[in-house]
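S.K.: Protein chains in written order, with the working numbering: chain A, 1 to 310; chain B, 1001 to 1249; chain C, 2001 to 2373. Built from N, CA and C at the ideal position, the CB exists for glycine as well. Everything numeric in this text was worked out from a predicted model, so none of it was measured. Sending over a structure as structure tokens; questions will come in a sec.
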Amino acid sequence: MSFLFEISLIVILIGFANSSIGVFLVLNDKSMISFALSHSVLLGIIISYGIIPDLYSPIFIIISSIIGFIIVGIVELLNKVKFIEYNSALGFVYLTVFAISIILISTNNLDIYYSLESIVSGQLLYLPFFRTTYLGIDLPSIAWTMISLIILNIGFIILTWKELLITSFDPLYAQLNGFSTQLITIFTLLLSSMTIVGSYNAVGPMLVIAFIITPPAISFLYSNDLKQIFFLTFPIMIFCSLIGVQIAYFFDISPAGVIACTFGFFFLLSLFFAPNSNLKKYLFSKSNTVNMPKNITYDHLDDHKTTVIE
Amino acid sequence: MSNAIEVKDLIITYGDNNAVLWKTNGSIPEKSLTAIVGPNGAGKSTLVKSIIGAIKPHKGEIKINNILIKDISNKHQLISYVPQRDSLDDNFPICCLDVVLMGRYGKLGWIKRPSKSDKDAAMNALEKFGMHMLANKQIGELSGGQKQRVLLARSFLQDSEIIILDEPFGGIDIKTEKIILDLLKELRDKGKTVLVITHDLDSLKDHFDYVWLLNIHTVAFGKPDEVLTKENLIHCYGGSVHLLQHEDN
Amino acid sequence: MIYTSYTFLVILFGSIVIGATSGFLSFFINTKKESMLIDAVAHCSFAGIALTFLYVNNVTTFHLYIGALIAAILSIFLIYVVKNTSIITMNSAIGIILSMMFGLGISSLSIIQRSNPMNSYSLKHYIFGNILYLRREDLVLLLVISAITFIFVAIFWKQMKTILFDFDYAKSIGLPIRYIELIFLFLLATITIVSVEMIGVIMYAGLLIGPGIAARQITSSYNRVIILSSMIGALSGIIGSTLSASPLSPPAGPSIIAILGIIVILSIVLSRNGETISFIKSLLIARNHNIQNTLSHLTTHMIMNPRDCDIREFSIKENQNAPNCCNHLLDNLHLLTKLNYVKPLEQNNWVLTYKGMLMVDELKTSSQLEVSQ
């Protein structure tokens, strides 16, 4: 397998793992929490690396992600302190934790990262050199990590599809019917945390956000049905990723940044062309009717249709 | 006749500030149609949310069919809640059929998936409310009255003993209001207990069995004739309500 | 000794100015809940800086400033366009644009690393900040922009207070809200761009969030919060840059933010306005004044539910027999308000809080007190 092929494979696997759980983070407006999570797991990675210096060990991933998850949980605590806004608490916690992590890394010469910058941009191009053979197949270790995470994430989503649906749409009704919104949220965030930890070495904290948020967001612009949105995310992600990898290869640029940029570019393009976006109307209509809902059927029109309830 | 819902000395407060409900009492008989009425800020929504178990009271107890709420394991069989239709997220990518289908989720429990018969039942519920043509429409595309009917269909599908409706008559024309009221009476006749939060005082006498006049505590509870006296209404609304004299009052 | 060198003094001065100005704006940003937006602006300006390094040959501070400003304004614009023309929420819009622009910046860095190593060395400093990076002309630009920011906020002190806390009133008296907000945003973008040179794009938002949180824990006065958060920003700058210049040599941005983090935590735990202290305070006051007696004395003068629509309300009846007793009553009412047993409404009307009602209830049952209806 060529180098380019392996890089593409890694990117697509990372995309599958992150975008799948990302659909539900975008749905529930938890993008900022995933941003905070992506910064907080660095501290988890540092601590966990001290215990188990193996980036691909499941225990390493689990410990790192739990630490990251706890840090974000601290924000919930801080939210109860008077005079602190949720957004500010979130920003404060993740930035402080990230700052402490960077200080620890820079003063202790951790051997995970080539340089401080590579924390931020990821070390995707070095990853095919670390390999694991499993079931007779020799792949970059990160590919195996991602495959496990994909199975976990998609398994969780398929298993709890209706729970995810009802807790996202109507938490009160969900609780009445015996479904705990809190439990679903905790599991979603834990899985995101693990996926972020697994992708960290490849793409870094900023760009993993591109994988989590942007393909689902593009998908939301094209469909009104959650099932369709979920399935559509993957071809969108694959398409954008492959283009991104090709551009990076052609111009010899580090791929993570290019891919994130490609995702964003196609998002903006979709903003213009996709059905669920009002941008065209905004630009080309004389009157500003942008804030009107999509198709209004007024109540009185109803009277002419069947309204008989026996 | 036993009481479907019993509320005793309920005290609820948000944070350490003002009490939203103070020593509220009420007993709703089963198989009845009761209206909860009161001014804004009276705590009607809070009362209802504590009955369904979403808000924990600071003091007092709530019993459903003589069992304390916290001891109830199959809440979905006992109670259903039809929220205000403005509380729906219009942008959520879900169609009407799937919303109604949620009425079966409680019965299915965790992990289990809705079967074809569940989906058919949801479709039938939509038909009963005249909404089957719009089954695949995303809920944001519906009018207010249509959304209300979808939510009603959901609770109807749930088929619980008690149904609680939170202001179903807001901003609806008289014809639709009559249709909904007829439906509620039909449910009551079938043996359900129906509880409705409403602001519309005029309809109370003709349609409801009981009225619960609420303003932080229970001002009065009973049959509409007994409860809707001038004195009670002034206690409840603070002298700011003007009664139009009907011929028979 | 590095700490007495001229370079370090310049750096120290720079970090004080950056800290003070950022802290100054911090309160506004927290109150307007724009913390995440500003974080996005800081990250996105990296793209502008990187592209400037890529396309401009002899890069000066001015070039970088313009490049970063264009990127910052473009990203704010894009975020609002996304939010307003689709169902994508503000937070998601921020995430999308931020990751895209930052990706653009990282890609540019990758190109520059090959074509122009000098520039890439400079560019990398913008990620986490560099303590030694403040040159003389940068300091001048920094001072000018800080001065303009301080002057602007000082001139519009009252107006900004009104816009923050009473938006409808501000609209009704015809304040030029749009203009003030735009200028504020512009100044914010500007101070961000000149500060990320020293603090780095990733960490800078912390200086715009933390000082406001810490100051708010310590005081409730509008004037004092803003000045205090400015001082806290400056203090973090001083200690942080000292730490960064030490032999351990962690990068500047994270050092300053880490110190700020400690200050924020300390302020939450120790402050006079914060939860812990007010709780202890209430225990002490409760011990010194017998709340039960105060409240029971009060109930003999209370008329419950005077407007007949809210059982929590009461008013004070005029007692002809003991005219000097009313002052004493007012003092009691103030004390009870502080301890959250009552709250004032308009005129002579007060309302019992949950705590208050509980206590009155207790008194009624334990001693058969009469409270007139």
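List the DSSP bridge partners of Leu135(A).
M.R.: Looking up residue 135(A) in the first sequence gives position 135. Beta-bridge pairing links Leu135(A) to no other residue.
S.K.: Quick one: Cα of Met1131(B) to Cα of Phe1156(B), how far?
M.R.: Within the second sequence, residue 1131(B) is the residue found at index 131, counting from 1. Within the second sequence, residue 1156(B) is the residue found at index 156, counting from 1. One C-alpha to the other measures close to 13 Å.
S.K.: Taking the straight line between their C-alpha atoms, what separation do you get for Leu4(A) and Phe1129(B)?
M.R.: Here residue 4(A) refers to the residue found at position 4 when the first sequence is read from its first residue. Here residue 1129(B) refers to the residue found at position 129 when the second sequence is read from its first residue. Answer to the nearest angstrom: the Cα atoms are 58 Å apart.
S.K.: With a 10 Å radius around its C-beta and 16 neighbouring C-beta atoms as the bar for buried, classify Gly122(A) as buried or exposed.
M.R.: Reading the first sequence from its first residue, position 122 is the one you call residue 122(A). Buried, since its Cβ has 16 or more Cβ neighbours within 10 Å.
S.K.: List, from N- to C-terminal side, the beta strand (DSSP E) runs of 3 residues or more that fit wholly inside the region 1079 to 1126 of chain B.
M.R.: Restricted to the region 1079 to 1126 of chain B, the beta strand (DSSP E) segments that are unbroken, complete and at least 3 residues in length are 1079 to 1082, listed in chain order.
S.K.: Just mark Pro255(A) as buried or exposed, buried being the case when its beta carbon has 16 or more other beta carbons within 10 Å.
M.R.: Reading the first sequence from its first residue, position 255 is the one you call residue 255(A). Buried, because 16 or more other Cβ atoms sit within 10 Å of the Cβ of Pro255(A).
S.K.: Return the chain-ordered list of same chain residues with a C-beta closer than 6 Å to the C-beta of Thr181(A), the five sequence neighbours on each side being excluded.
M.R.: Numbered from its first residue, the first sequence carries residue 181(A) at position 181. Here the set comprises Thr167, Pro171, Ala174.
S.K.: Ala1035(B) bridges to which residues according to DSSP?
M.R.: Within the second sequence, numbered from 1, the residue matching residue 1035(B) stands at position 35. Bridge partners of Ala1035(B) according to DSSP: Val1196(B), Val1211(B).
S.K.: Taking C-beta to C-beta, are Cys1095(B) and Asn1124(B) nearer than 8 Å?
M.R.: Taking the second sequence and counting its residues from 1, the one referred to as residue 1095(B) is at position 95. Taking the second sequence and counting its residues from 1, the one referred to as residue 1124(B) is at position 124. Taking 8 Å as the Cβ cut-off, Cys1095(B) and Asn1124(B) do not qualify as a contacting pair.
S.K.: Pop quiz: Gly1106(B) and Asn79(A) are said to be a contact at Cβ under 8 Å. What is the actual Cβ separation, rounded to whole angstroms?
M.R.: To locate residue 1106(B), count along the second sequence from 1; it is residue 106. To locate residue 79(A), count along the first sequence from 1; it is residue 79. Contact flag wrong, Cβ pair sits at about 30 Å.
S.K.: Look at the Cβ atom of Asp1166(B), then the Cβ atom of Ser1045(B), and state whether they are nearer than 8 Å.
M.R.: As a position in the second sequence, residue 1166(B) is number 166, starting the count at 1. As a position in the second sequence, residue 1045(B) is number 45, starting the count at 1. Contact: yes.
S.K.: Helix or strand or just coil, what does DSSP make of Phe130(A)?
M.R.: By 1-based counting over the first sequence, the position of residue 130(A) is 130. Correct three-state label for Phe130(A): coil.
S.K.: I'd like to confirm the pairing. Which residues does DSSP put opposite Lys1008(B) in its beta bridges?
M.R.: As a working note, residue 1008(B) is residue 8 in the second sequence. Beta-bridge pairing links Lys1008(B) to Glu1061(B).
S.K.: Please report the distance separating the alpha-carbon of Thr2061(C) from that of Ala2050(C).
M.R.: Numbered from its first residue, the third sequence carries residue 2061(C) at position 61. Numbered from its first residue, the third sequence carries residue 2050(C) at position 50. The C-alpha of Thr2061(C) lies about 13 Å from the C-alpha of Ala2050(C).
S.K.: Using a beta-carbon distance below 8 Å, is Met2304(C) in contact with chain B?
M.R.: Residue numbering aside, residue 2304(C) sits at position 304 when the third sequence is read from its first letter. Output row for Met2304(C): interface = no.
S.K.: Any heavy atom of the ligand GDP closer than 7 Å to the Cβ of Ala1125(B)?
M.R.: The model depicted lacks the ligand GDP and carries no ligand whatsoever.
S.K.: Under 8 Å, do Phe272(A) and Cys240(A) count as touching if we go by C-beta distance?
M.R.: Residue numbering aside, residue 272(A) sits at position 272 when the first sequence is read from its first letter. Residue numbering aside, residue 240(A) sits at position 240 when the first sequence is read from its first letter. Going by C-beta atoms, Phe272(A) is not nearer than 8 Å to Cys240(A).
S.K.: Between the region 1061 to 1082 of chain B and chain A, which residues of the former have CB atoms less than 7 Å from a CB of the latter, in chain order?
M.R.: Lys1075, His1076, Ile1079, Tyr1081
S.K.: How would you call Asp2039(C), buried or exposed, if buried means at least 16 neighbouring beta carbons within 10 angstroms?
M.R.: In the third sequence, the residue the question calls residue 2039(C) occupies position 39. Asp2039(C) is buried by the Cβ-count criterion.
S.K.: Note down, in chain order, every chain C residue with its Cβ under 9 Å from the Cβ of Leu124(A).
M.R.: Taking the first sequence and counting its residues from 1, one reaches residue 124(A) at position 124. Those do not exist, as Leu124(A) stays about 11 Å from chain C at its closest Cβ, beyond 9 Å.
S.K.: Any C-beta of chain B within less than 7 Å: which residues of the region 2347 to 2363 of chain C qualify?
M.R.: Val2351, Thr2353, Tyr2354, Lys2355, Met2357
S.K.: Return the CA-CA distance between Tyr200(A) and Lys2343(C), expressed in angstroms with no decimal places.
M.R.: The residue given as residue 200(A) occupies position 200 in the first sequence. The residue given as residue 2343(C) occupies position 343 in the third sequence. If you take the alpha carbons of Tyr200(A) and Lys2343(C), they lie about 52 Å apart.
S.K.: Look up Leu110(A) in the DSSP assignment and say whether it is helix, strand or coil.
M.R.: Taking the first sequence and counting its residues from 1, the one referred to as residue 110(A) is at position 110. In the structure shown, Leu110(A) sits in coil (DSSP, three-state: anything other than H, G, I, E or B).
S.K.: Please say whether Ala2047(C) and Ala2205(C) have beta carbons closer to each other than 8 Å?
M.R.: As a first step, residue 2205(C) is located in the third sequence; it is residue number 205 there, counting from the start. As a first step, residue 2047(C) is located in the third sequence; it is residue number 47 there, counting from the start. Note that the C-beta distance between Ala2205(C) and Ala2047(C) is not below 8 Å.
S.K.: Chain B beta carbons: is any one of them nearer than 8 Å to that of Tyr173(A)?
M.R.: Position 173 of the first sequence, counted from the start, is the residue given in the question as residue 173(A). It does: the Cβ of Tyr173(A) has a partner Cβ on chain B nearer than 8 Å.
S.K.: When DSSP labels each residue in this structure, what does Gly1015(B) get in the three-state scheme?
M.R.: Looking up residue 1015(B) in the second sequence gives position 15. The answer is coil: DSSP assigns Gly1015(B) none of H, G, I, E or B.
S.K.: With DSSP as the reference, please indicate the residues paired to Pro140(A) in a beta bridge.
M.R.: By 1-based counting over the first sequence, the position of residue 140(A) is 140. Answer is Arg131(A).
S.K.: Can you give me the Cβ contacts of Lys2033(C) inside the same chain, cut-off strictly under 7 Å, excluding the 5 residues immediately before and after it?
M.R.: Numbered from 1 along the third sequence, position 33 holds the residue referred to as residue 2033(C). Counting only Cβ-Cβ distances below 7 Å, and skipping sequence neighbours, we find nothing.
S.K.: Grouping DSSP H, G and I as helix and E and B as strand, with all else coil, what is Gly2212(C)?
M.R.: Residue numbering aside, residue 2212(C) sits at position 212 when the third sequence is read from its first letter. Looking at Gly2212(C) - three-state DSSP - the assignment turns out to be helix.
S.K.: Assuming the contact rule is C-beta atoms closer than 8 Å, Asn1215(B) and Pro1039(B) should be a hit. Round their C-beta distance to whole Å, please.
M.R.: Working through the second sequence from its first residue, we reach residue 1215(B) at position 215. Working through the second sequence from its first residue, we reach residue 1039(B) at position 39. Yes, Asn1215(B) and Pro1039(B) are in contact; Cβ-Cβ is about 6 Å, under 8 Å.
S.K.: Along the region 193 to 220 of chain A, where does the CB come closer than 7 Å to a CB of chain C? Name the residues.
M.R.: Met206, Leu207, Ile209, Ala210, Ile213, Thr214, Ala217, Phe220
S.K.: With a cut-off of 8 Å, do at least 3 Cβ pairs link the region 2128 to 2148 of chain C to the region 2191 to 2211 of chain C?
M.R.: yes
S.K.: Please identify, using Cβ separations under 8 Å, the residues of the region 144 to 165 of chain A that lie next to chain B, in order along the chain.
M.R.: Leu159, Thr160, Trp161, Lys162, Glu163, Leu165
S.K.: Name the chain C residues whose beta carbon is nearer than 8 Å to that of Ile1216(B)?
M.R.: Here residue 1216(B) refers to the residue found at position 216 of the second sequence. Chain C residues near Ile1216(B): Asp2310, Ile2311, Arg2312.
S.K.: How would you list, in chain order, the residues of chain B whose beta-carbon sits under 9 Å from the beta-carbon of Ile229(A)?
M.R.: For the purposes of this step, residue 229(A) is identified with residue 229 of the first sequence, where counting begins at 1. Correct list: Pro1093.
S.K.: At the 8 Å Cβ level, is His1235(B) part of the contact set with chain C, yes or no?
M.R.: Taking the first residue of the second sequence as 1, we reach residue 1235(B) at position 235. Chain C, which has a Cβ nearer than 8 Å to the Cβ of His1235(B), makes this yes.
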